[in-house]
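A.B. asks: Attaching a single structure in structure tokens format; questions to follow.
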Amino acid sequence: MAVFVAIVGLFNLLFSFGLGTAVQHFTSYHLGRGDMASAKHSITRILTLGFLLSFAGLASMVALAPYLSVLFMHTAYYTELIRLLSVVLVGNILFGILNGASLGLQLFRTSGIMNMVIWSAYYIIAFVLALLGHSLTDIVAGWGVGIFTGVLVYLRILIKFLRSSDVSYPVSRLTPSLIFQYSVPVLFSSVISYGATYADRFIVAGLMSLSALGIYNFTLLVATSMGFLVSPLNNILLPKFSEFYGEGNLENVRERSLLATKVITGAYVPAALGVAVLSNPIMTLLAGRAYDQGADALTIIMVVGALFVSTNVMTQIIAAIRKTRVFLYSSVGSLLSNLMISIFLIPRFGMVGAATGFSSVYAVTFFVLYYFTRRTRMFRLEWKSTLKIWASSILMALAVLGVEMHTGSRVDMLPLYILLGAAIYVILFRLMRAMSPEDASVLYVQFPKGSGAVRRILMLLVSGFRAQ
Numbered sequence: 003m004a005v006f007v008a009i010v011g012l013f014n015l016l017f018s019f020g021l022g023t024a025v026q027h028f029t030s031y032h033l034g035r036g037d038m039a040s041a042k043h044s045i046t047r048i049l050t051l052g053f054l055l056s057f058a059g060l061a062s063m064v065a066l067a068p069y070l071s072v073l074f075m076h077t078a079y080y081t082e083l084i085r086l087l088s089v090v091l092v093g094n095i096l097f098g099i100l101n102g103a104s105l106g107l108q109l110f111r112t113s114g115i116m117n118m119v120i121w122s123a124y125y126i127i128a129f130v131l132a133l134l135g136h137s138l139t140d141i142v143a144g145w146g147v148g149i150f151t152g153v154l155v156y157l158r159i160l161i162k163f164l165r166s167s168d169v170s171y172p173v174s175r176l177t178p179s180l181i182f183q184y185s186v187p188v189l190f191s192s193v194i195s196y197g198a199t200y201a202d203r204f205i206v207a208g209l210m211s212l213s214a215l216g217i218y219n220f221t222l223l224v225a226t227s228m229g230f231l232v233s234p235l236n237n238i239l240l241p242k243f244s245e246f247y248g249e250g251n252l253e254n255v256r257e258r259s260l261l262a263t264k265v266i267t268g269a270y271v272p273a274a275l276g277v278a279v280l281s282n283p284i285m286t287l288l289a290g291r292a293y294d295q296g297a298d299a300l301t302i303i304m305v306v307g308a309l310f311v312s313t314n315v316m317t318q319i320i321a322a323i324r325k326t327r328v329f330l331y332s333s334v335g336s337l338l339s340n341l342m343i344s345i346f347l348i349p350r351f352g353m354v355g356a357a358t359g360f361s362s363v364y365a366v367t368f369f370v371l372y373y374f375t376r377r378t379r380m381f382r383l384e385w386k387s388t389l390k391i392w393a394s395s396i397l398m399a400l401a402v403l404g405v406e407m408h409t410g411s412r413v414d415m416l417p418l419y420i421l422l423g424a425a426i427y428v429i430l431f432r433l434m435r436a437m438s439p440e441d442a443s444v445l446y447v448q449f450p451k452g453s454g455a456v457r458r459i460l461m462l463l464v465s466g467f468r469a470q
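Just so we're aligned: 23 in our numbering is position 21 of the sequence shown, and the numbers increase by one with no gaps anywhere.
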């Protein structure tokens with residue numbers, strides 16, 4: 003099934019054309035200008051383009067199905083299954099645009115709920131049909147039913163919301179040329195980045211054994227799954243920054259980028275360093291003793307990812323101020339870096355060399371985006387808070403590592419290691435005042451009404467002073 007997921011993922015990348023990002027930006031941009039009618043027009047125009055592109059993707063996949071089957075499975079047997087998969091492609095593209103529209107309208111709670119419901123339905127329906135039919139066709143059909151159920155529900159929610167909004171004739175109309183000026187660089191950079199993040203895997207496949215490739219792929223799965231810590235904030239940042247850009251309030255972009263960097267660093271760095279020092283028992287627990295060969299590779303990826311985690315904020319700034327061509331430079335640099343380092347290091351160091359090549363993508367992307375965001379003076383980084391967060395995280399990691407070494411890195415002790423690390427980090431974070439009361443107050447008001455308990459806990463954790 004991994005091959006079919008990869009095929010639909012690649013076609014989704016090509017035919018979504020970066021429209022999910024574009025609809026987020028233009029919708030929030032017009033909201034910032036107080037022009038709901040133009041925001042609605044942007045959604046309608048981009049969704050129409052999405053329909054056209056999704057059906058172009060369907061036609062392409064149907065036509066290429068025999069060749070794809072032979073290329074990836076070395077037989078034409080799966081041709082009809084790939085053609086059925088093209089229907090799933092249409093649903094995936096439309097869902098991406100609808101979710102982008104929801105985020106652009108800043109319906110963050112709706113987006114979160116819909117993602118949980120739709121992707122749960124996507125896999126549960128496929129699982130049930132597979133149990134009943136015992137075939138790959140049933141799984142793909144289940145994907146199709148799940149995603150289109152989600153698309154129809156999402157479409158109904160957005161139509162209802164837009165109809166309830168007080169709109170007039172749009173002040174500015176979004177032209178296809180403006181959409182493509184924004185989205186085409188996103189498309190090409192996404193395709194290049196896709197290659198950049200897979201270059202090391204292809205070289206591992208060519209130079210190492212299949213078992214090593216399996217272990218390395220699982221290591222990357224564990225490492226990239228940590229992205230759940232930053233993805234919710236990423237979903238909020240682009241709409242918010244685009245809204246400020248629409249208002250012409252660039253100072254607000256600067257100030258919020260500073261706070262966002264603190265939040266992302268404060269959440270991701272301790273978790274990443276915790277996974278790094280516990281990589282051996284984590285890999286053993288999740289996949290068995292044989293997979294602890296990937297522990298060193300996991301450690302490298304987590305530490306380097308933590309060093310450059312603020313790239314997430316810079317990415318949203320670049321997208322919000324319509325400098326998407328910068329993504330082309332970062333993606334090309336990342337691809338070249340991963341290729342060169344992987345070719346040089348994998349024959350000598352195996353998975354550690356591959357992890358170094360993969361991690362170079364983080365570093366190159368950071369330095370390219372940092373150069374451009376500093377030139378525009380849109381990105382701010384407060385070194386004092388950053389160093390406090392790193393100091394808290396390193397001390398926590400060293401304490402956990404000491405206990406782990408003393409107890410023999412036991413898998414059954416993993417919950418204790420995690421709880422100990424969390425407690426130490428929270429205490430050090432508060433003692434060092436890594437986030438100021440003013441920052442905590444800004445965070446406080448970002449949470450919706452009715453979540454007072456959560457907000458008070460947050461205030462106590464990040465600032466150490468009594469919540470008002």
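Note that CB positions come from ideal geometry on N, CA and C, so glycine has one too.
Got a sec? Which residues, its chain only, sit under 6 Å from G146 by beta carbon, not counting five neighbours each side?
C.D. replies: As a position in the sequence shown, residue 146 is number 144, starting the count at 1. Counting only Cβ-Cβ distances below 6 Å, and skipping sequence neighbours, we find V89 and V90.
A.B. asks: In three-state terms, what does DSSP make of S211?
C.D. replies: Translated into positions along the sequence shown, residue 211 becomes position 209. Correct three-state label for S211: coil.
A.B. asks: Compare the beta carbon distance of Y427 and S387 with 8 Å and say whether it is the shorter of the two.
C.D. replies: Along the sequence shown, read from residue 1 onward, the residue named residue 427 stands at position 425. Along the sequence shown, read from residue 1 onward, the residue named residue 387 stands at position 385. No, these two residues do not count as a Cβ contact at 8 Å.
A.B. asks: Contact check, V402 vs L422 under 8 Å by CB: the rounded distance?
C.D. replies: For this step, residue 402 is matched to residue 400 along the sequence shown. For this step, residue 422 is matched to residue 420 along the sequence shown. Yes, V402 and L422 are in contact; Cβ-Cβ is about 6 Å, under 8 Å.
A.B. asks: Any contact between the region 151-170 and the region 117-135? By contact I mean 3 or more CB pairs, one from each, below 8 Å.
C.D. replies: The region 151-170 is in contact with the region 117-135.
A.B. asks: Note down, in chain order, each residue of its chain lying with its Cβ closer than 7 Å to the Cβ of V206, except the 5 sequence neighbours on either side.
C.D. replies: Counting from one through the sequence shown, the residue named residue 206 turns up at place 204. These residues qualify, in order along the chain: A214, L215, Y218, I348 and A356.
A.B. asks: Can you tell me which of G197, M210 and P187 puts its alpha carbon nearest to the alpha carbon of R350?
C.D. replies: Here residue 350 corresponds to residue number 348 of the sequence shown, with the count starting at 1. Checked all of G197, M210 and P187; the closest Cα to R350 is M210.
A.B. asks: Rounded to whole angstroms, how far is the Cβ of V10 from the Cβ of L87, which I believe are closer than 8 Å?
C.D. replies: If you number the sequence shown from 1, residue 10 lands on position 8. If you number the sequence shown from 1, residue 87 lands on position 85. Between L87 and V10 the Cβ distance is about 5 Å, and since that is below 8 Å, they are a contact.
A.B. asks: I need the boundaries of the alpha helix (DSSP H) containing V277, first residue and last residue.
C.D. replies: Residue numbering aside, residue 277 sits at position 275 when the sequence shown is read from its first letter. Residues L252 to V279.
A.B. asks: Could you spell out the range, first to last residue, of the alpha helix (DSSP H) harbouring M75?
C.D. replies: Your numbering for residue 75 matches position 73 in the sequence shown. M75 -> alpha helix (DSSP H) spans M38 to M75.
A.B. asks: Is the beta carbon of H27 sitting closer than 8 Å to the one on A41?
C.D. replies: Stepping through the sequence shown from its first residue, residue 27 is reached at position 25. Stepping through the sequence shown from its first residue, residue 41 is reached at position 39. No, the Cβ-Cβ distance between H27 and A41 is not below 8 Å.
A.B. asks: Taking 8 Å as the cut-off, decide whether the C-beta atoms of T199 and V363 are in contact.
C.D. replies: Translated into the one-based positions of the sequence shown, residue 199 becomes position 197. Translated into the one-based positions of the sequence shown, residue 363 becomes position 361. Yes, the Cβ-Cβ distance between T199 and V363 is below 8 Å.
A.B. asks: Taking just the CA atoms, how far does F13 sit from F74?
C.D. replies: In the sequence shown, counting from the first residue as 1, residue 74 sits at position 72. In the sequence shown, counting from the first residue as 1, residue 13 sits at position 11. Their Cα atoms are separated by approximately 14 Å.
A.B. asks: Pick helix, strand or coil for R468, following the three-state DSSP scheme.
C.D. replies: Numbered from its first residue, the sequence shown carries residue 468 at position 466. Unreliable placement is indicated for R468, whose pLDDT of 45 sits below 50; the coordinate value is still reported in the next sentence. R468 falls in the coil class under three-state DSSP.
A.B. asks: Secondary structure at F374, three-state DSSP: helix, strand or coil?
C.D. replies: Within the sequence shown, residue 374 is the residue found at index 372, counting from 1. DSSP places F374 in helix when its eight states are reduced to three.
A.B. asks: Enumerate, from N- to C-terminal direction, the unbroken alpha helix (DSSP H) stretches of 4 or more residues contained entirely within the region 343-404.
C.D. replies: Qualifying alpha helix (DSSP H) stretches, in chain order: 353-378.
A.B. asks: To the nearest angstrom, report how far apart V354 and E82 are at their CA atoms.
C.D. replies: The residue you call residue 354 lines up with position 352 of the sequence shown. The residue you call residue 82 lines up with position 80 of the sequence shown. The straight-line gap from Cα to Cα measures roughly 40 Å.
A.B. asks: Can you tell me the Cβ-Cβ gap for V405 and T286, rounded? I've got them flagged as a contact below 8 Å.
C.D. replies: Working through the sequence shown from its first residue, we reach residue 405 at position 403. Working through the sequence shown from its first residue, we reach residue 286 at position 284. V405 to T286, Cβ: 17 Å. No contact.
A.B. asks: I'd like the ranges of any alpha helix (DSSP H) spanning at least 4 consecutive residues and lying wholly in the region 148-232.
C.D. replies: Whole alpha helix (DSSP H) segments, 4+ residues: 178-209 and 212-227.
A.B. asks: Among the residues of its own chain, which have a CB less than 8 Å from the CB of V142, if the five just before and after it don't count?
C.D. replies: Looking up residue 142 in the sequence shown gives position 140. If we look at V142 and ignore the five residues flanking it on each side, its Cβ neighbours are F6, L83, L86, L87, V90 and A128.
A.B. asks: To the nearest angstrom, how far is it from the Cα of S113 to the Cα of L131?
C.D. replies: Within the sequence shown, residue 113 is the residue found at index 111, counting from 1. Within the sequence shown, residue 131 is the residue found at index 129, counting from 1. Whole-angstrom Cα-Cα distance: 27 Å.
A.B. asks: Cβ atoms of T326 and L371: under 8 Å apart, would you say?
C.D. replies: Along the sequence shown, read from residue 1 onward, the residue named residue 371 stands at position 369. Along the sequence shown, read from residue 1 onward, the residue named residue 326 stands at position 324. Contact: no.
A.B. asks: May I ask which residues mark the beginning and end of the alpha helix (DSSP H) holding V423?
C.D. replies: Stepping through the sequence shown from its first residue, residue 423 is reached at position 421. Note that residue 423 corresponds to Gly in the displayed sequence, not to Val. Per DSSP, G423 belongs to the alpha helix (DSSP H) from L416 to M434.
A.B. asks: With contact counted as at least three CB pairs below 8 Å, one residue from each stretch, are the region 295-314 and the region 334-345 in contact?
C.D. replies: The region 295-314 vs the region 334-345: no contact.
A.B. asks: Excluding five sequence neighbours on each side, which residues of the same chain lie with their C-beta closer than 7 Å to the C-beta of V25?
C.D. replies: Position 23 of the sequence shown, counted from the start, is the residue given in the question as residue 25. Closer than 7 Å at Cβ, skipping near neighbours: S44, I45, I48, I99, G102, A103 and G106.
A.B. asks: Quick one, are the C-beta atoms of A321 and T23 less than 8 Å apart?
C.D. replies: By 1-based counting over the sequence shown, the position of residue 321 is 319. By 1-based counting over the sequence shown, the position of residue 23 is 21. Yes, they are a contact pair.
A.B. asks: Relative to the alpha-carbon of F57, which residue among P68, S18, T77 and Y69 has its alpha-carbon at the smallest distance?
C.D. replies: Within the sequence shown, the letter at position 55 stands for residue 57. Selected option, being the one with the closest Cα: S18.
A.B. asks: Any idea what DSSP makes of L105, helix, strand or coil?
C.D. replies: For this step, residue 105 is matched to residue 103 along the sequence shown. It is helical.
A.B. asks: Taking its Cβ as the centre, do 16 or more other Cβ atoms sit within 10 Å of A274, making it buried, or is it exposed?
C.D. replies: Against the sequence shown, residue 274 aligns to sequence position 272. It is buried - the Cβ of A274 has at least 16 other Cβ atoms within 10 Å.
A.B. asks: Can you grab the Cα-Cα spacing for the pair M398 / G276, in whole Å?
C.D. replies: Counting from one through the sequence shown, the residue named residue 398 turns up at place 396. Counting from one through the sequence shown, the residue named residue 276 turns up at place 274. Whole-angstrom Cα-Cα distance: 8 Å.
A.B. asks: Alpha carbon to alpha carbon, how far is P68 from Y80?
C.D. replies: For this step, residue 68 is matched to residue 66 along the sequence shown. For this step, residue 80 is matched to residue 78 along the sequence shown. Each residue's alpha carbon lies about 8 Å from the other.
A.B. asks: Can you give me the C-alpha to C-alpha distance between S166 and D37, rounded to a whole angstrom?
C.D. replies: The count along the sequence shown starts at 1 and reaches residue 166 at position 164. The count along the sequence shown starts at 1 and reaches residue 37 at position 35. Those two C-alpha atoms are separated by around 15 Å.
A.B. asks: Taking DSSP as the reference, what is the three-state secondary structure of R324?
C.D. replies: Reading the sequence shown from its first residue, position 322 is the one you call residue 324. In this structure, R324 counts as coil in the three-state DSSP scheme.
A.B. asks: Taking only three categories from DSSP, how would you classify M304?
C.D. replies: The count along the sequence shown starts at 1 and reaches residue 304 at position 302. Correct three-state label for M304: helix.
A.B. asks: Considering only the alpha carbon of each residue, which of L21, F243, A436 and L222 lies closest to S52?
C.D. replies: The residue you call residue 52 lines up with position 50 of the sequence shown. Checking the sequence, you will find Gly at residue 52 rather than Ser. For the residues L21, F243, A436 and L222, the minimum Cα distance to G52 belongs to L21.
A.B. asks: Does any residue of chain B bring its CB to less than 8 Å from the CB of A24?
C.D. replies: Given the protein chain composition of this structure (a single chain), no chain B is represented.
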